[in-house]
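Structure first, then comments.
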Amino acid sequence: MTTPPTPPSLELLAQRLRDAGFEVTLTIDNADRRSFSDAEKEREEKAEGRAEKFGGYAATAARNSESARRRSHEISERFAFGQPILVGHHSEGRARRDHARMDDAMRKSIGEHDRADHWTGRAQAAANYERFKKGPGRTLRRLDKLRADLRAVEKWQRGESAKGFFRSPAEPELEIEHQELTEEIEHWEAVIKDAEAEGFKVWSKADFTRGDFVLYRGTWYDVLRVNPKSVTIPHIHNGVGQRVVRAADNRHDGWTWTAPYDDVSGCKSADEMQQPPQAEAPGQQEQPKQSPPIKEPVPAAETCPTSHPSPWHAKAPRWALCQHAPEGRSTPATAPAERANGQDVMALVLITSKNSRRSRKRALWAMTRREAQAVCGDPRTSGRSYMLTWTDWPGVEGADWEWVPDNGSLDPVLSDLGITPRREWSAAPQAPAEAA
3 MTTPPTPPSL ELLAQRLRDA GFEVTLTIDN ADRRSFSDAE KEREEKAEGR
53 AEKFGGYAAT AARNSESARR RSHEISERFA FGQPILVGHH SEGRARRDHA
103 RMDDAMRKSI GEHDRADHWT GRAQAAANYE RFKKGPGRTL RRLDKLRADL
153 RAVEKWQRGE SAKGFFRSPA EPELEIEHQE LTEEIEHWEA VIKDAEAEGF
203 KVWSKADFTR GDFVLYRGTW YDVLRVNPKS VTIPHIHNGV GQRVVRAADN
253 RHDGWTWTAP YDDVSGCKSA DEMQQPPQAE APGQQEQPKQ SPPIKEPVPA
303 AETCPTSHPS PWHAKAPRWA LCQHAPEGRS TPATAPAERA NGQDVMALVL
353 ITSKNSRRSR KRALWAMTRR EAQAVCGDPR TSGRSYMLTW TDWPGVEGAD
403 WEWVPDNGSL DPVLSDLGIT PRREWSAAPQ APAEAA
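The sequence shown begins at 3 in our numbering and counts up by one.
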């Protein structure tokens with residue numbers, strides 16, 4: 003068996019030890035190594051550990067930021083009514099020290115807040131390691147590269163040229179590279195099989211003919227030519243603001259574009275494209291053929307209060323933002339009929355107070371969205387320590403929000419605006435709207 007060559011770094015280390023008077027013998031055994039699957043599993047576990055560690059850093063920084071902000075606020079209460087520094091008065095020294103302490107605390111709060119944002123981003127990146135690494139489109143592109151590398155190694159082992167140069171078939175590294183590439187390809191092929199079992203469609207040349215339509219990045223394009231790795235379509239500049247782009251719609255002197263199969267989301271025949279679109283329920287889209295629905299994990303509500311990055315699925319193997327309800331359920335888009343009368347749907351007016359950290363929102367009144375906007379937009383409904391806001395998707399009464407007493411202090415505002423509020427909530431489910 004041919005002895006593998008010694009890496010230059012080890013040779014240099016061994017030579018320095020010999021120069022220092024030590025007797026050194028180098029023995030390299032490349033047979034005893036981890037499989038690629040074991041190494042990838044260890045990388046995923048390390049990523050989970052990093053996510054947990056960075057999450058702890060972010061939580062600590064957030065607590066420090068809040069503590070410093072609260073400390074600055076407590077000091078500022080002394081000057082709440084605009085008390086100036088009385089030069090020459092016995093209180094001048096203390097006032098200046100308080101101003102300096104207040105400034106230092108606020109600067110620390112801002113700095114810790116920035117640190118919290120930094121570590122939150124790092125934690126999110128580490129937590130997404132496995133999800134991004136195993137994205138089907140990305141995995142298919144990785145497999146293409148690995149298979150090309152494996153073909154080059156096999157050519158070198160046969161004494162042929164690959165990638166523009168030769169390597170000696172006797173090199174022991176070629177056998178090791180062949181084993182490593184084979185293991186890695188098997189690992190990622192298993193990932194693709196798991197994705198197919200969950201509904202992901204691996205498109206290929208066999209799925210298309212000239213004249214079909216391909217769904218590429220949200221737009222249907224006429225297929226001009228079918229290639230081994232892609233389909234040729236009219237240039238994507240034609241798709242700006244368009245749902246369907248036909249060959250006759252090419253406005254750019256015959257320019258074309260190629261859509262790789264790993265970035266394709268659906269396929270329809272020309273006859274199917276001629277059929278009128280069926281009526282769709284709110285939030286639904288027409289389903290491309292050969293793209294069965296995939297079961298997606300439901301994100302936790304507190305993971306993202308307004309939107310969350312949805313995982314890849316058969317229709318769109320890319321990341322997209324989608325709105326969801328407070329309980330974490332996917333929320334359908336508002337139907338056109340609902341949008342037309344959106345100002346007449348019921349909304350809940352909430353009151354928020356300074357430094358209030360209640361587990362449930364506090365509700366004052368129920369009224370229409372138009373009335374809620376008018377009330378919350380009135381300058382008399384906000385002060386130094388409180389403000390009003392509204393939502394038409396408050397969640398579950400008792401769990402997410404609760405009624406609080408109305409002391410009548412805002413009755414003049416309601417009277418001036420001609421609004422009679424309610425103290426009961428019975429609105430039908432609808433899409434969440436951003437609070438004013």
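C-beta atoms are modelled at their ideal positions from N, C-alpha and C, and glycine is treated no differently.
Between the C-alpha atoms of residue i and residue j, what's the straight-line distance to the nearest angstrom?
| i | j | result |
| --- | --- | --- |
| Ala64 | Ser78 | 21 Å |
| Leu28 | Asp21 | 15 Å |
| Thr383 | Ala374 | 11 Å |
| Gly268 | Trp259 | 17 Å |
| Glu185 | Ile178 | 11 Å |
| Ser67 | Glu404 | 29 Å |
| His254 | Arg153 | 39 Å |
| Met389 | Pro86 | 27 Å |
| His239 | Tyr218 | 13 Å |
| Gly256 | Val266 | 22 Å |
| Glu13 | Pro174 | 18 Å |
Taking only three categories from DSSP, how would you classify residue i?
| i | result |
| --- | --- |
| Glu198 | helix |
| Pro10 | helix |
| Lys363 | strand |
| Phe56 | helix |
| Trp205 | coil |
| Ser384 | strand |
| Trp257 | coil |
| Pro236 | strand |
| Trp439 | Missing from the structure shown is residue 439; the chain here goes from 3 to 438 and no further. |
| Ala22 | coil |
| Trp427 | coil |
| Lys270 | strand |
| Thr27 | coil |
| Pro414 | helix |
| Pro138 | helix |
| Ala1 | Residue 1 is absent from the model: the chain starts at 3 and stops at 438. |
Identify, in the order they occur along the chain, each residue of the same chain with its Cβ nearer than 7 Å to the Cβ of residue i, setting aside the five sequence neighbours on each side.
| i | result |
| --- | --- |
| Ser271 | Asp214 |
| Pro262 | Lys231, Ser232 |
| Leu176 | Val155, Trp158, Gln159, Arg169 |
| Arg424 | Trp367, Ala368, Met369 |
| Arg149 | Ile187 |
Output needed for residue i: all residues of its chain with C-beta closer than 8 Å, excluding positions within five of it in sequence on either side, in chain order.
| i | result |
| --- | --- |
| Arg245 | Thr221, Trp222 |
| Ala249 | Asp224, Leu226, Pro236 |
| Pro171 | Trp158, Gln159, Arg160, Gly161 |
With a CB to CB cut of under 6 Å and the five nearest residues on each side skipped, what residues in its chain are close to residue i?
| i | result |
| --- | --- |
| Asp380 | Val415 |
| Thr308 | Because the pLDDT at Thr308 is just 32, under 50, the model does not fix this residue reliably, and the value given afterwards should be weighed accordingly. Closer than 6 Å at the Cβ level, and outside the excluded window around Thr308, lies no residue. |
What does DSSP give as the partner residues of residue i in its beta bridges?
| i | result |
| --- | --- |
| Leu176 | Leu176 is not bridged to any residue. |
| Asp224 | Phe215 |
| Thr391 | Leu352 |
| Val247 | Tyr223 |
| Phe167 | Ala164 |
| Pro262 | Ser232 |
How about the region 69–77 and the region 102–114: do they share at least three Cβ pairs that are nearer than 8 Å? yes
Does the count of Cβ pairs from the region 16–36 and the region 151–165 closer than 8 Å reach three? no
Is the region 362–372 in contact with the region 399–407, if contact means three or more CB pairs nearer than 8 Å? yes
Decide if the region 45–54 is in contact with the region 120–132; the criterion is three or more beta carbon pairs, one per stretch, under 8 Å apart. With the cut-off at 8 Å, the region 45–54 and the region 120–132 touch.
Decide if the region 192–199 is in contact with the region 131–146; the criterion is three or more beta carbon pairs, one per stretch, under 8 Å apart. yes
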